[in-house]
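Q:
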Ligand SMILES: Cc1cc2nc3c(=O)[nH]c(=O)nc-3n(C[C@H](O)[C@H](O)[C@H](O)COP(=O)(O)OP(=O)(O)OC[C@H]3O[C@@H](n4cnc5c(N)ncnc54)[C@H](O)[C@@H]3O)c2cc1C
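In our numbering, the protein residues as written are 417 to 831.
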């Protein structure tokens, strides 16, 4: 079957790889020159919130393709179809975290297979991620969930405060506040750029065709199915692409297209604060990545051309129009928390701030599965910075498009 994957982000690329493996003829479209550009660090962080375009409009802003009538039509369709789509859309029956645990476990298994086959590099920078709890009650709740999550495939090890300090001596200064920790080896720290580049290589080797520098303008439906995709080629000339099935993997830009077609995509935007702080005392700086569960920070030590640095990230809800400016109080609060957790490790006076917007689904689960249009599928909004879940999402959507049952129990849409 001919399948068009819209978007060459990590989700589009993994979908394409597994679709090709299942025998389809796959074309991936992306406006960027480099597939998986974001994961490969080729897209600079932005300051403002991405405002979804009006329904079906050209998301590059190179000219609206819809007149007022089309917008009105889209609005009406959206209203009616949202109800239908909600009715068929899967609702997680359990704690959404359980679905994520299963998706991550399935993805790790898929990664191992690709590594054994030689497609994915072994990854030499495995440092792991230590989830640090400073609240005894929250750690107790995590301990209580441990047997069940372990059955679901979670591979996190449970650490007492002393074990955590043995693993990461930089935590010694906060020994009195430390309730415990969990540790996972398989973490995004495995180098997302290398991961993404390998996947693109594997796609090309398998015969996936990439149409880069091509912008998706709109998806046109006819008789209840997607009939064609309208694009702009690198010279800005309109062109049309037809296939038997379409996977929408445009990240946040999927929203206007889905809405125009009356497909409900309940997303919200979060602002990620990315604070970079030069390391002042290497002996006090962490070697493994830390997630401060109560402070909601993720701290990674990175080597940059400017030297040894801590990259501290925090995610907060953001509105579309408001909250366009980063909050300086939050920046200060992040610095205070870093100083409290790792006193003397970093030179907070020389910290710098960047922010990035991400779309996450309202239930925090990736949107993977069918829509009310039988030849349109979704793979978007992973809702987590974990790269590794992309493999499970891509493998599952490839099976769903092919009419096969996914190998994973998950809150897939419309199954
Ligand atoms: C808090 C948080 C932090 C995160 N941090 C990062 C990070 O640092 N780096 C990172 O890569 N991911 C990060 N992610 C994950 C990221 O948001 C994505 O989930 C992940 O990169 C893969 O998602 P994707 O493929 O759905 O989307 P994307 O990577 O956004 O890919 C979508 C693709 O569609 C293309 N596209 C969009 N509109 C059009 C159009 N009209 N025509 C043609 N092409 C189009 C884009 O060029 C892009 O390649 C983070 C997520 C969260 C929640």
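Each residue gets a CB set at the ideal place from its N, CA and C atoms; glycine is no exception.
All values reported here derive from a predicted model rather than from experimental measurement.
1. Alpha carbon to alpha carbon, how far is residue 675 from residue 501? Give it in angstroms, no decimals.
2. Would you report the Cα separation of residue 753 and residue 577, rounded to the nearest angstrom?
3. Can you tell me which of 814, 527, 761 and 774 puts its alpha carbon nearest to the alpha carbon of residue 792?
4. Measuring alpha carbon to alpha carbon, tell me which of 637, 646, 668 and 806 ends up nearest residue 790.
5. So residue 547 and residue 780 are in contact, right, with Cβ under 8 angstroms, and what is the actual spacing, rounded?
6. For residue 750, does the count of other Cβ atoms within 10 angstroms reach 16, so buried, or fall short, so exposed?
7. For residue 650 and residue 630, which I take to be in contact (beta-carbon distance under 8 angstroms), what is that distance rounded to the nearest angstrom?
8. Ordered along the chain, which non-local residues of its own chain (more than five positions away) have a Cβ less than 8 angstroms from that of residue 700?
9. Under 8 angstroms, do residue 787 and residue 830 count as touching if we go by C-beta distance?
10. Return yes when at least one heavy atom of ligand 1 lies under 7 angstroms from the C-beta of residue 708, else no.
11. Just to confirm my understanding: we take residue 667, look at its own chain, exclude 5 residues before and 5 after, and list those with CB closer than 7 angstroms. What are they?
12. Go through the segment 709-765 residue by residue and report every complete run of the beta strand (DSSP E) that reaches 3 residues or more, in order.
13. With a cut-off of 8 angstroms, does the C-beta of residue 817 fall near any C-beta of chain B?
14. At which residues does the beta strand (DSSP E) containing residue 675 begin and terminate?
15. Could you tell me the alpha carbon to alpha carbon distance between residue 713 and residue 521, rounded to whole angstroms?
16. For residue 550, which of helix, strand or coil comes out of DSSP?
17. For residue 573, I'd like the list of residues in its chain whose CB is within less than 6 angstroms of its CB, leaving aside the five on either flank, ordered along the chain.
18. Are the beta-carbon atoms of residue 698 and residue 716 separated by less than 8 angstroms?
19. Put residue 654 into one of helix, strand or coil per three-state DSSP.
20. Suppose you measure from the CA of residue 662 to the CA of residue 419; what does that come to, to the nearest Å?
21. Could you spell out where the alpha helix (DSSP H) holding residue 608 opens and where it closes?
22. Could you tell me the alpha carbon to alpha carbon distance between residue 718 and residue 551, rounded to whole angstroms?
23. Hey, how far is the Cα of residue 477 from the Cα of residue 575?
24. Rounding to the nearest angstrom, what Cα-Cα distance links residue 469 and residue 669 in this structure?
25. Kindly indicate the opening and closing residues of the beta strand (DSSP E) around residue 576.
26. Going by beta carbon distance, what residues of the same chain come within less than 7 angstroms of residue 414, once the five residues before and after it are set aside?
A: Once the coordinates are examined:
1. Low per-residue confidence applies at residue 501: pLDDT is 48, beneath 50, and the placement is therefore not dependable enough to give any value.
2. Each residue's Cα considered, the two are about 19 angstroms apart.
3. 814
4. 637
5. With 8 angstroms as the limit, residue 547 and residue 780 do not qualify as a contact, their Cβ atoms being about 17 angstroms apart.
6. buried
7. 7 angstroms
8. 586, 589, 758, 759, 760 and 761
9. Yes, the Cβ-Cβ distance between residue 787 and residue 830 is below 8 angstroms.
10. Outside the cutoff, so no.
11. 423, 425, 775 and 796
12. 713-720 and 723-734
13. The question asks about chain B, but that chain is absent: this structure has only one protein chain.
14. Premise fails: residue 675 lies in the alpha helix (DSSP H), 670-676, not in any beta strand (DSSP E).
15. 23 angstroms
16. coil
17. 599
18. no
19. Reduced to three states, the DSSP call for residue 654 is strand.
20. 6 angstroms
21. Segment 608-622, the alpha helix (DSSP H) holding residue 608.
22. 27 angstroms
23. Bear in mind that a pLDDT of 34 at residue 477, under 50, signals an unreliable position, so the number given afterwards is only what the model happens to contain. Taking the straight line from one Cα to the other gives about 51 angstroms.
24. With a pLDDT of 35 at residue 469, under the threshold of 50, the predicted position of this residue should be treated as unreliable, though the coordinate-derived value follows. The alpha-carbon atoms of residue 469 and residue 669 are separated by roughly 8 angstroms.
25. Element bounds for residue 576: n/a, residue is neither H nor E.
26. A query on residue 414 cannot be resolved here, the shown segment of the chain reaching from 417 to 831 and no further.
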